[in-house]
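A.B. asks: The sequence shown lines up with residues 1 to 258 when you count with the numbering used here.
Heads up, the beta-carbon is just placed ideally off N, CA and C, and yes, glycines get one too.
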Amino acid sequence: MNFQIKDSAFVVGGAGSGFGKSIATMLAKEGAKVLAVSRTSSKLETLALEFPHLMECLSGDITQDNIHDQILDWMVANHASGIVFNAGGPPAGGFQHIDMKQWDEAYLSVFRWKVALAKKVLPYFQEKGYGRLLFIESVSVKQPIKNLVLSNAMRAAVVGAVKTLSQEVAHQGITANMLAPGYHSTAAMDRLFAKKSELDGVSVEEATAAFEKEIPVGAMGTPDEMATLGLWLLSPLSRYVTGQTMTHDGGLVSGIFG
Numbered sequence: 001m002n003f004q005i006k007d008s009a010f011v012v013g014g015a016g017s018g019f020g021k022s023i024a025t026m027l028a029k030e031g032a033k034v035l036a037v038s039r040t041s042s043k044l045e046t047l048a049l050e051f052p053h054l055m056e057c058l059s060g061d062i063t064q065d066n067i068h069d070q071i072l073d074w075m076v077a078n079h080a081s082g083i084v085f086n087a088g089g090p091p092a093g094g095f096q097h098i099d100m101k102q103w104d105e106a107y108l109s110v111f112r113w114k115v116a117l118a119k120k121v122l123p124y125f126q127e128k129g130y131g132r133l134l135f136i137e138s139v140s141v142k143q144p145i146k147n148l149v150l151s152n153a154m155r156a157a158v159v160g161a162v163k164t165l166s167q168e169v170a171h172q173g174i175t176a177n178m179l180a181p182g183y184h185s186t187a188a189m190d191r192l193f194a195k196k197s198e199l200d201g202v203s204v205e206e207a208t209a210a211f212e213k214e215i216p217v218g219a220m221g222t223p224d225e226m227a228t229l230g231l232w233l234l235s236p237l238s239r240y241v242t243g244q245t246m247t248h249d250g251g252l253v254s255g256i257f258g
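Written out as structure tokens, the structure reads:
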């Protein structure tokens with residue numbers, strides 16, 4: 001399939017691993033130029049070596065305003081067509097075990113920076129008359145996950161904000177969508193396995209099996225599988241899709257609008 005993104009440019013957050021790395025890699029394989037953003041510079045070096053003419057790297061914390069300025073400068077200089085909002089998630093824990101300091105930190109690490117960065121880049125896209133904003137969230141926005149109260153709450157707030165934004169800019173050639181991954185083979189899931197192992201007093205292998213048992217297709221997804229959907233949402237082909245939260249979950253969400 002031709003995604004029609006060859007010679008376009010994109011920013012991808014959290015590009016050092018997981019979904020961000022898969023999306024950045026697939027964009028480059030399609031001939032797009034990528035600014036890969038990650039706090040871990042060593043992870044970015046691998047991408048730069050693999051795609052020396054297409055992959056530029058920015059080592060820093062995407063939740064911080066100074067990084068937002070650098071992202072916007074790159075977007076303007078390279079006539080970027082889209083941006084992927086993606087970063088690590090908040091710590092696991094239930095409502096009664098998460099203190100107010102953790103709530104405040106989750107607001108900053110999950111919600112606030114996405115609003116700030118979207119506000120920063122939106123005027124550029126409006127002047128361009130085109131843009132693709134893609135937010136990587138979680139299946140928890142459609143079906144709360146046990147012991148993940150911070151993700152359940154804060155990511156739902158992102159969905160509300162992005163849905164509103166999408167309606168305000170749809171007539172300007174700009175789309176804003178969200179991907180809601182279920183259980184995939186990522187480092188984030190490894191942390192959930194470890195937490196369940198600790199809480200239930202079982203081995204990590206048993207905790208992993210318990211998660212897999214919840215998935216109708218019977219296995220974890222892979223970041224590369226979800227990245228293909230991300231590429232489509234970043235492409236011109238998705239012109240008529242905006243304000244949507246698409247799950248990629250192997251059938252995990254049981255509601256009819258999952």
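Measure the alpha-carbon distance for Asp224 versus Gly60 and round it to whole angstroms.
C.D. replies: Roughly 24 Å between the two C-alpha positions.
A.B. asks: What is the DSSP secondary structure of Leu148, reduced to helix, strand or coil?
C.D. replies: It is a strand residue.
A.B. asks: Determine the direct distance from the alpha carbon of Lys120 to that of His68, and round the result to whole angstroms.
C.D. replies: Distance between the alpha carbons of His68 and Lys120 is about 7 Å.
A.B. asks: Going by beta carbon distance, what residues of the same chain come within less than 7 Å of Thr46, once the five residues before and after it are set aside?
C.D. replies: Excluding residues within five positions, none has a Cβ falling inside 7 Å.
A.B. asks: How would you write the range of the beta strand (DSSP E) that Arg132 sits in, first residue to last?
C.D. replies: Note, Arg132: beta strand (DSSP E), Gly131 to Ile136.
A.B. asks: What is the C-beta distance between Val149 and Gly89, in whole angstroms, given that I count them as a contact (C-beta under 8 Å)?
C.D. replies: About 12 Å separates the two Cβ atoms, so there is no contact after all.
A.B. asks: Considering just the uninterrupted stretch of the beta strand (DSSP E) at Ser203, what are its terminal residues?
C.D. replies: It is not in any beta strand (DSSP E) - Ser203 carries neither H nor E in the DSSP assignment.
A.B. asks: So, does the segment 30–43 touch the segment 6–15, judging by three or more C-beta pairs under 8 Å?
C.D. replies: As far as the Cβ criterion goes, the segment 30–43 touches the segment 6–15, which means the pair count is three or higher.
A.B. asks: For the putative contact between Ile62 and Leu133, defined by C-beta atoms under 8 Å, what is the C-beta separation to the nearest angstrom?
C.D. replies: So it is not a contact: roughly 14 Å between Cβ atoms.
A.B. asks: For Val84, report the span of its beta strand (DSSP E) as first-last.
C.D. replies: Element bounds for Val84: Gly82 to Phe85.
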